[in-house]
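Colleague:
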Amino acid sequence: MTYKAEYKPSELLCPVTSKWVDFETAKEVLEERSPDRHCCALVDMPHSAEGEASAAARKQSCVDKMALDIGTIAEESQVVRVEMLNGQGRELVDPVVTEFVNEVGVDMCSRFAIKLS
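219 is the number of the first residue of the sequence shown in my numbering; add one for each residue after it.
1) Tell me the DSSP bridge mates of lysine 333?
2) Which first and last residues belong to the beta strand (DSSP E) in which leucine 230 is found?
3) Using the Cβ count rule (16 or more neighbours within 10 Å means buried), how would you classify phenylalanine 330?
4) What is the DSSP secondary structure of glutamate 294, reduced to helix, strand or coil?
5) Considering only their Cβ atoms, is the gap separating glycine 305 from serine 335 smaller than 8 Å?
Below, the structure written as structure tokens:
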């Protein structure tokens with residue numbers, strides 16, 4: 219969709235804040251913050267200590283409830299939640315799931331299951 223940026227003014231809609239951002243600014247932010255996935259907030263949101271604590275709690279809740287597809291047993295798909303894992307399992311899975319939640323966002327992560335194989 220780069221060709222659309224040739225028409226000025228050109229803007230992209232931030233998927234996190236739902237605010238329109240100048241294309242050149244958005245392009246720089248995407249290349250800096252998320253060079254591989256091209257998915258991140260294009261506009262910095264104002265932060266407060268209370269808001270950050272609430273956001274962190276929502277993110278942790280999303281990580282805890284994330285569905286993990288651990289494969290099939292007797293031809294049935296087996297899905298567990300991160301919160302069901304013991305300490306060792308959490309140590310292995312938490313970093314991957316946290317990265318996933320950070321990239322996808324809290325609002326979308328409940329729609330996915332991470333397949334472990």
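In this text, a Cβ means the ideal position worked out from N, Cα and C, and glycines have one as well.
Modeller: Judging by the given coordinates:
1) Asp287
2) 229-231
3) exposed
4) strand
5) no
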